[in-house]
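Asks:
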Amino acid sequence: MFTGIIQAVGHVSQFQESGAGDARITFHGGGLPMQDVRLGDSIACNGVCLTVVAFTPESFSMDVSAETFACTIGYAPGDPVNFEKAMQLSDRLGGHLVSGHVDGVGEALHFAPVGGEDDSWRLDLRAPDRMARYLAPKGSIAVNGVSLTVNRVDGADFSINLIPHTLAHTMLHTLKPGTRVNLEADMLARYAERLLAYTHAFTPSIDKD
Numbered sequence: 017m018f019t020g021i022i023q024a025v026g027h028v029s030q031f032q033e034s035g036a037g038d039a040r041i042t043f044h045g046g047g048l049p050m051q052d053v054r055l056g057d058s059i060a061c062n063g064v065c066l067t068v069v070a071f072t073p074e075s076f077s078m079d080v081s082a083e084t085f086a087c088t089i090g091y092a093p094g095d096p097v098n099f100e101k102a103m104q105l106s107d108r109l110g111g112h113l114v115s116g117h118v119d120g121v122g123e124a125l126h127f128a129p130v131g132g133e134d135d136s137w138r139l140d141l142r143a144p145d146r147m148a149r150y151l152a153p154k155g156s157i158a159v160n161g162v163s164l165t166v167n168r169v170d171g172a173d174f175s176i177n178l179i180p181h182t183l184a185h186t187m188l189h190t191l192k193p194g195t196r197v198n199l200e201a202d203m204l205a206r207y208a209e210r211l212l213a214y215t216h217a218f219t220p221s222i223d224k225d
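Position one of the sequence shown corresponds to residue 17 (the working numbering), numbered consecutively onward.
Below, the structure is given as structure tokens:
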């Protein structure tokens with residue numbers, strides 16, 4: 017489990033195909049604190065929960081399956097990557113609960129400063145149609161692992177504002193129209209939908225006759 021608060025920004029330093037569409041990827045940690053990392057730990061890489069299979073003080077490697085590549089934006093050598101280590105129960109929940117299980121791949125539509133260059137920036141995105149029902153104004157969404165607040169919604173299109181701190185400490189400043197992003201809906205919305213579906217399915221009807 018993660019919070020959506022990015023701890024470091026690094027990049028893909030090595031990509032080694034391992035057959036059947038799988039790959040072992042080595043990430044340069046970008047200053048991510050590694051002193052407490054152990055084999056088998058989870059680290060979110062652009063919002064995707066992956067398992068550490070090898071590490072050094074400056075880098076770590078993960079095995080990525082063909083299924084993960086099919087459901088996410090994937091990784092390529094040199095790609096900038098947001099990193100967050102799995103949270104501990106004692107950690108502050110500064111963002112929102114993020115599972116690291118991507119719901120869909122979205123696309124950046126427009127990215128521009130709201131005022132001057134030093135002000136916040138507005139990012140317009142398009143989610144897959146199946147995710148539209150999870151989008152709510154002032155709700156939460158993870159974009160490449162970053163916990164963000166939805167400002168406006170129009171069908172599957174939505175907008176968010178990025179403050180200078182977020183731009184400086186994540187890879188989101190590299191986005192441009194057409195860039196694909198990993199999206200994860202607020203898990204509370206997913207659970208609520210599932211609960212309501214089952215409640216509706218198993219609620220007995222009342223025969224007034």
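Glycine included, each C-beta is placed from N, C-alpha and C at the ideal position.
Should the stretch 88-106 be regarded as contacting the stretch 140-153, the criterion being three or more beta carbon pairs within less than 8 Å?
Replies: Too few Cβ pairs lie closer than 8 Å, so no.
Asks: Determine the closest residue to V121 out of L212, Y214, F31, A201, with distance taken between C-alpha atoms.
Replies: Indexing the sequence shown from 1 puts residue 121 at position 105. Of the candidates L212, Y214, F31, A201, the one whose C-alpha sits nearest the C-alpha of V121 is A201.
Asks: Determine whether the beta carbon atoms of V159 and L188 lie at a separation below 9 Å.
Replies: One-based indexing of the sequence shown puts residue 159 at position 143. One-based indexing of the sequence shown puts residue 188 at position 172. Yes, the Cβ-Cβ distance between V159 and L188 is below 9 Å.
Asks: Beta-carbon within less than 6 Å of A60's beta-carbon, same chain only, minus the 5 sequence neighbours each way: which residues are those?
Replies: Sequence index remark: in the sequence shown, residue 60 carries index 44 (1-based). So the qualifying residues of the chain are F18, E100, G116, G161.
Asks: Starting from the C-beta of G45, find all residues in its chain whose C-beta is less than 8 Å away, skip the five residues before and the five after it, and write them out in chain order.
Replies: Against the sequence shown, residue 45 aligns to sequence position 29. Correct list, in chain order: A24, G26, E74, S75, F76, F99.
Asks: By DSSP, does H117 sit in helix, in strand, or in coil?
Replies: One-based indexing of the sequence shown puts residue 117 at position 101. Residue state, collapsed to three classes: coil.
Asks: Between I41 and V53, how many whole angstroms is the CB-CB distance? I'm expecting something under 8 Å.
Replies: Here residue 41 refers to the residue found at position 25 of the sequence shown. Here residue 53 refers to the residue found at position 37 of the sequence shown. Wrong, their Cβ atoms sit about 16 Å apart, outside the cutoff.
Asks: Can you give the Cα-Cα distance for D134 and Y214, rounded to whole angstroms?
Replies: Locating residue 134 in the sequence shown gives position 118, counting from the first residue. Locating residue 214 in the sequence shown gives position 198, counting from the first residue. About 48 Å.
Asks: Distance, Cα to Cα, D119 vs L199?
Replies: As a working note, residue 119 is residue 103 in the sequence shown. As a working note, residue 199 is residue 183 in the sequence shown. Roughly 6 Å separates the two Cα atoms.
Asks: S81 and D38 look like a contact to me (Cβ under 8 Å); what is the Cβ gap, rounded to whole Å?
Replies: Numbered from its first residue, the sequence shown carries residue 81 at position 65. Numbered from its first residue, the sequence shown carries residue 38 at position 22. Rounded, the Cβ-Cβ distance is 5 Å, consistent with contact.
Asks: Can you tell me whether G131 is buried or exposed? The criterion is at least 16 other CB atoms within 10 Å of its CB, across all chains shown.
Replies: Locating residue 131 in the sequence shown gives position 115, where the first residue counts as 1. So G131 ends up on the exposed side.
Asks: With distances taken between CB atoms, is the gap from A124 to G155 smaller than 9 Å?
Replies: Indexing the sequence shown from 1 puts residue 124 at position 108. Indexing the sequence shown from 1 puts residue 155 at position 139. No; because the gap between Cβ atoms is not below 9 Å, this pair is not in contact.
Asks: Which runs of the beta strand (DSSP E), 3 residues or longer, sit entirely within the stretch 69-100?
Replies: Within the stretch 69-100, the complete beta strand (DSSP E) runs of at least 3 residues are 75-80.
Asks: Compute the distance between the beta-carbons of P144 and R138, then report whether it is under 9 Å.
Replies: Taking the sequence shown and counting its residues from 1, one reaches residue 144 at position 128. Taking the sequence shown and counting its residues from 1, one reaches residue 138 at position 122. Contact: no.
Asks: In terms of alpha-carbon separation, which member of L164, L141, T186, T182 lies closest to P193?
Replies: Within the sequence shown, the letter at position 177 stands for residue 193. Minimum Cα distance to P193 is reached at L141.
Asks: Flag this pair as yes or no: are the beta carbons of I21 and G111 separated by less than 9 Å?
Replies: Position 5 of the sequence shown, counted from the start, is the residue given in the question as residue 21. Position 95 of the sequence shown, counted from the start, is the residue given in the question as residue 111. Contact flag set, yes.
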